[in-house]
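Enquirer: Numbering (our numbering), first residue to last: 111 to 250.
What follows is a single structure, and I will ask about it in a moment.
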């Protein structure tokens with residue numbers, strides 16, 4: 111059974127900031143289900159708790175990057191896994207540094223890059239864009 115679902119988004123200022131949603135983080139990690147995150151234009155990391163839409167996590171803030179993250183706690187919280195998967199913002203692979211810097215600025219142990227990027231070749235390839243209504247191939 112999930113914890114209370116009315117938990118608001120969490121601004122991660124320090125590893126201890128994640129303690130307010132520890133039950134949610136543990137439950138999601140046990141299911142191998144990541145948290146939704148955004149990094150706002152001030153470089154601050156926000157996580158959604160039960161909020162799974164990046165636009166909702168952003169709450170009207172401008173966003174530098176977005177994706178999914180799994181945190182684990184062994185003494186202190188750390189980033190176990192992170193990616194740039196966001197079908198609301200489509201962040202570029204190059205936006206990984208915004209996440210890494212925000213996590214490290216908050217005092218979290220974090221790898222120097224994302225665990226995975228989506229899609230693997232980026233969002234602006236013919237393969238990804240071919241089924242979008244605005245796409246027209248220039249290679250005809």
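Ideal Cβ placement from N, Cα and C applies to all residues, glycine included.
Which term fits residue 174, buried or exposed, when burial requires 16 or more other beta carbons within 10 angstroms of its beta carbon?
Expert: Indexing the chain shown from 1 puts residue 174 at position 64. Residue 174 comes out buried.
Enquirer: Give every residue of the same chain whose Cβ lies closer than 7 Å to the Cβ of residue 226, excluding the five residues on either side of it in the sequence, and list them in chain order.
Expert: Along the chain shown, one-based indexing puts residue 226 at 116. Answer for residue 226: 193, listed in chain order.
Enquirer: Does DSSP put residue 186 in a helix, a strand or coil?
Expert: As a working mapping, residue 186 is identified with position 76 in the chain shown. DSSP places residue 186 within a strand segment (E or B) once states are collapsed to three.
Enquirer: Would residue 166 and residue 150 be called neighbours here (beta carbons separated by less than 8 Å)?
Expert: Against the chain shown, residue 166 aligns to sequence position 56. Against the chain shown, residue 150 aligns to sequence position 40. No; because the gap between Cβ atoms is not below 8 Å, this pair is not in contact.
Enquirer: To the nearest angstrom, how far is it from the Cα of residue 183 to the Cα of residue 223?
Expert: Translated into the one-based positions of the chain shown, residue 183 becomes position 73. Translated into the one-based positions of the chain shown, residue 223 becomes position 113. In a straight line, the C-alpha of residue 183 is about 20 Å away from that of residue 223.
Enquirer: How is the alpha helix (DSSP H) around residue 215 delimited, first residue to last?
Expert: For this step, residue 215 is matched to residue 105 along the chain shown. Taken as a continuous stretch (DSSP letters only), the alpha helix (DSSP H) holding residue 215 covers 206 to 215.
Enquirer: Just reading off the beta strand (DSSP E) that residue 150 is part of, what are its end residues?
Expert: To locate residue 150, count along the chain shown from 1; it is residue 40. Per DSSP, residue 150 belongs to the beta strand (DSSP E) from 145 to 150.
Enquirer: Are the CB atoms of residue 207 and residue 177 nearer to each other than 8 Å?
Expert: Translated into positions along the chain shown, residue 207 becomes position 97. Translated into positions along the chain shown, residue 177 becomes position 67. The answer is no: Cβ separation not under 8 Å.
Enquirer: In terms of alpha-carbon separation, which member of 168, 143, 189 and 163 lies closest to residue 128?
Expert: As a working note, residue 128 is residue 18 in the chain shown. Comparing Cα positions, the closest option is 189.
Enquirer: Grab the span of the alpha helix (DSSP H) containing residue 135 for me, first residue to last.
Expert: Locating residue 135 in the chain shown gives position 25, counting from the first residue. That run of the alpha helix (DSSP H) goes 132 to 140.
Enquirer: Whose CA, out of 219, 214, 221 and 228, lies closest to the CA of residue 153?
Expert: As a first step, residue 153 must be located in the chain shown, where it is residue number 43. Per the Cα distances, 214.
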